[in-house]
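Protein chains in written order, with the numbering used here: chain A, 2 to 230; chain B, -18 to 225. Virtual Cβ for every residue (Gly too), placed ideally from N, Cα, C. Here the structure is laid out as structure tokens; the discussion comes afterwards.
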Amino acid sequence: MHDILRGLLDAARLLAAGSRELWGIIALSLRVTGTSLLLCTLIGVPVGAALGLSRLRSRGLVTALLYTGMGLPPVVVGLFVYLLLSRSGPLGALGWLFTPRAMIMAQTIIAFPLVTGLTLTAVRGVDPAFRQQVRALGATRVQEIWALLEEARLGVVAAVVAAFGSIISEVGAVMLVGGNIEGRTRVLTTAIVLDTRQGEFVSALALGVILLLLAFLANLVLLRLQGKQ
Amino acid sequence: MMAGGQPIFRLEGVRQVYAGRTVLDIASLEVRDGEILALVGPSGAGKSTLLRLLNFLESPASGRILYRDRLASGGATPLEVRRQVTSVFQRPVLQRASVWANVAYGLRLRGLHSDGRVGAILDTVGLAELARAPARRLSGGEMQRVALARALVIRPRVLLLDEPTANLDPYNVGLIERIIRAENAGRGTTVVLVTHNVFQAHRLADRTGLLLAGRLVELDDTERFFSSPADPRTAAFVSGEMVY
């Protein structure tokens, strides 16, 4: 209990002191997670909406695959990306391994099934009569999909919130493909692991509090967006 | 009330089938430009299916639908044709937005500005004071008037009404009927109304037809349809003696 209190105090002190290293870690965490979230939202929301609207026979299989993907162990994704980007791997020539780009790639793969699957569920939950009414008013296909997304926005924002939660707190994949290199690929979660291994529990706790605070603030913004619409 | 002109819709041998079951089988039907056509019949007669076909929301299993002498079917219908026809359904489906935003929606889809049209139509349907209210918190009658305003603001050439006043109180029924009549008389909008309310058909329509088990039993001028029906099933339906 004492250590937790000290962790909270240290977190406040660390933030107030504003060391360059800490701000660098926070900035990289936000950049990696923010970019991954943006990418998987830009790809996953339209794909989820299209799947939700499609009448393909294989829709059930695709849905089952997506739902399975929601439970992908991050460390397995990390291993997969590692093998892809390693020097002898198919994408080795890119030279992305142990860079933030590799971390973004891994986090995007982790979050994509969540955003797509939950968007699909939200779109399917919209009253079929709504879609018919929108078409009856003269909507094009794109306008129809947009109207459905607007109607399903509570679910879509929930999908983005869930994806954010899963990747901001993720450690296995970013550790594998980023390497936790100081000043280059160290993010909050990997820094916590390192501090814990070194017995720096108070510092690890302080970083944990900062991580929670960031997650809380980001979720507040996302939920505000949900409420506003 | 406008008398009907040239055919705006022509249906030839139109059949619709759901899960192997024929739900609509119309040998021939013309909707005349500028008329109010009422199609009456019990639930399950195929009335709503017919409206979905006329609104190009689905394609028939067989047969031809001609809109102004051009073949038109389902989603393949050109957008500019689709946008001349719109529907008001029995259960108003409104967006999670204000009354104003709902009514302006069709204009927004077409990239048009309100130009005072939304305000004017809200006045017509008696909802000007509720323009900023969340549409989904209105009463059933008010919501249906929003749905009607949303359809009328885009100035459709054909207005399809699927039981537009079912479950509404007499005040809202009267108001909606007056608006439909004014739209038809003022702008010459063709109206196809499907209902099981024979009294409403009698009050509004130039011509009335009876749909039964997906087939058009009889179609005639409204006065003749009610006063001297040719088919005994029509006589039984309009007198309320039909058991179905």
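Can you tell me whether residue i is buried or exposed, with buried defined as 16 or more other CB within 10 angstroms of its CB?
| i | result |
| --- | --- |
| residue 205/B | exposed |
| residue 110/B | exposed |
| residue 181/B | buried |
| residue 55/A | exposed |
| residue 8/B | exposed |
| residue 123/A | buried |
| residue 86/B | buried |
| residue 50/A | buried |
| residue 118/B | exposed |
| residue -17/B | For residue -17/B, the pLDDT reaches just 48, beneath the cut-off of 50, and the residue's location in the model is therefore unreliable, leaving the point undetermined. |
| residue 164/B | buried |
| residue 172/B | buried |
| residue 81/B | buried |
| residue 220/B | exposed |
| residue 230/A | Reliability fails at residue 230/A, whose pLDDT of 49 lies under 50, so the model's placement of it is uncertain and the value that follows must be treated cautiously. Per the 10 Å Cβ criterion, exposed. |
| residue 0/B | exposed |
| residue 217/A | exposed |
| residue 151/B | exposed |
Between which two residues does the alpha helix (DSSP H) holding residue i run?
| i | result |
| --- | --- |
| residue 163/B | 151 to 168 |
| residue 85/A | 75 to 86 |
| residue 11/A | 3 to 18 |
| residue 130/A | 129 to 137 |
| residue 112/A | 101 to 125 |
| residue 63/B | 60 to 63 |
| residue 217/B | 213 to 219 |
| residue 33/A | 21 to 54 |
| residue 169/A | 154 to 169 |
Give the C-beta separation of residue i and residue j to the nearest angstrom, bearing in mind that I take them to be a contact with Cβ-Cβ under 8 Å.
| i | j | result |
| --- | --- | --- |
| residue 190/B | residue 200/B | 4 Å |
| residue 5/B | residue 31/B | 6 Å |
| residue 44/B | residue -5/B | 4 Å |
| residue 142/B | residue 116/B | Not quite, the Cβ-Cβ distance comes to about 19 Å (not below 8 Å), so this is no contact. |
| residue 198/B | residue 214/B | 5 Å |
| residue 73/B | residue 125/B | 5 Å |
| residue 35/B | residue -10/B | 6 Å |
The beta strand (DSSP E) that contains residue i, what's its start and end?
| i | result |
| --- | --- |
| residue 53/B | Careful: residue 53/B lies outside any beta strand (DSSP E) and carries neither H nor E. |
| residue 171/B | 171 to 176 |
| residue 66/B | 66 to 69 |
| residue -11/B | -12 to -1 |
| residue 44/B | 43 to 48 |
| residue 8/B | 2 to 13 |
| residue 199/B | 196 to 202 |
Where the stretch 111 to 143 of chain A meets chain B: residues whose CB sits under 7 Å from a CB there: 128, 130, 131, 133, 134, 136, 137, 138, 139, 140 and 141
Relative to chain A, which residues along the stretch 68 to 90 of chain B have a C-beta separation below 8 Å, given in chain order? 68, 70, 72, 74, 76, 77, 86, 87 and 90
Along the stretch 36 to 57 of chain B, where does the CB come closer than 7 Å to a CB of chain A? Name the residues. 36 and 38
Which residues, taken in chain order from the stretch 8 to 40 of chain A, show a beta carbon closer than 9 Å to some beta carbon of chain B? none
Counting only Cβ-Cβ distances shorter than 8 Å, please list the residues of the stretch 177 to 197 of chain A near chain B, keeping chain order. none
Complete runs of the alpha helix (DSSP H) confined to the stretch 67 to 114 of chain B [at least 4 residues]: 80 to 90 and 98 to 105
Using Cβ-Cβ distances below 9 Å, what residues of the stretch 200 to 219 of chain A are close to chain B? none
Using a beta-carbon distance cut-off of less than 9 Å, what residues from the stretch 8 to 30 of chain B approach chain A? none
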